Amino acid sequence: MRLTIIALAGALLLGSATLAQAQSSSLDLNLSQDAVQFEAAGELTHGIVLGGGVIDSDYRHDATAFHAQLLGVERTNDYDIGVGARWTQFDTDHGKGGGLGLGGYGYAYVPAMPALSLGGYGFYTPGAVSTRDLDDGYELGVRARYAFTPTVDGYVGYRALRADFDDDRGGSRTLDSGPLVGVRLTF
């Protein structure tokens, strides 16, 4: 079932990027001991990227989170940054719901090793813009990326995904947390 959900989400995201006639696109897959995450993104116009993804985690309990985001991005030989809005939809054993959040990512290239970049990302969804059971939530991560070729990056990192649901007596729940390894293709 998990692979079916991820495959359908991936096909939908890839189709969306194709329909948008993206100038630059990427596909990203990462794995941890308890989770799998797939993301796709496409540049709508110079500096504006539309993307989305899904993470399915069995960390402590079953949780699936889908997201769609619109970011303003800038890429140079020194850095890669993006800032914008993200809708995240949770389907977990603790509750269901979604919300609009803000955040972004930032990576700096190491001058002595230009293929290596270090950085991270973060998105926060406050209760003021959430629906159903979701009170608030966030996803944070750090990564070290290495460009093996101009179109293939490999990376290692750490992710934390947490959410607080109104009907959950335990308060904020960690839905996924831990080290991961991944690959990103750009075309």
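Per the working numbering, residue 1 is the first one in the sequence shown, and the count goes up by one each step.
Even glycine gets a Cβ: it sits at the ideal position worked out from N, Cα and C.
Quick caveat, the model's predicted, so the values are computed rather than measured.
Go ahead and label residue i buried or exposed: buried means 16 or more other beta carbons lie within 10 angstroms of its beta carbon, across all protein chains shown.
i           : result
residue 77  : exposed
residue 74  : exposed
residue 108 : exposed
residue 72  : exposed
residue 152 : exposed
residue 33  : exposed
residue 49  : buried
residue 182 : buried
residue 98  : buried
residue 127 : exposed
Apart from the five residues on each side of it in sequence, which residues of its chain come closer than 6 Å, Cβ to Cβ, to residue i?
i           : result
residue 146 : 115, 116, 154
residue 66  : 54, 89
residue 123 : 86, 101, 103, 139
residue 82  : 71, 73, 104, 105
Quickly, what does DSSP pair residue i with across the bridge? List them, please.
i           : result
residue 59  : In DSSP, residue 59 forms no bridge with anything.
residue 188 : Outside the shown range of the chain (1 to 187) lies residue 188, about which nothing can therefore be said.
residue 30  : 37, 182
residue 123 : 103, 139
residue 151 : Answer is none; residue 151 lacks a bridge partner.
residue 67  : 53, 88
residue 116 : 146
residue 161 : 139, 176
residue 25  : 42
Within its chain, find whatever has a CB closer than 7 Å to the CB of residue i; leave out the 5 residues flanking it on each side and keep chain order.
i           : result
residue 100 : 85, 87, 125, 129
residue 96  : 90, 132, 133
residue 118 : 107, 108, 110, 144
residue 47  : 72, 73, 74
Just the Cα atoms here: how many angstroms apart are residue i and residue j?
i           : j           : result
residue 173 : residue 163 : 5 Å
residue 80  : residue 156 : 17 Å
residue 143 : residue 52  : 19 Å
residue 159 : residue 70  : 21 Å
residue 93  : residue 29  : 24 Å
residue 38  : residue 176 : 15 Å
residue 57  : residue 63  : 5 Å
residue 61  : residue 31  : 17 Å
residue 150 : residue 166 : 45 Å
residue 121 : residue 112 : 23 Å
residue 136 : residue 45  : 31 Å
residue 59  : residue 35  : 7 Å
For a test of your reading of the model: does the CB of residue i fall under 7 Å from any non-hydrogen atom of the ligand FAD? Yes or no.
i          : result
residue 66 : The ligand content of the structure shown is nil, which means the ligand FAD is not present either.
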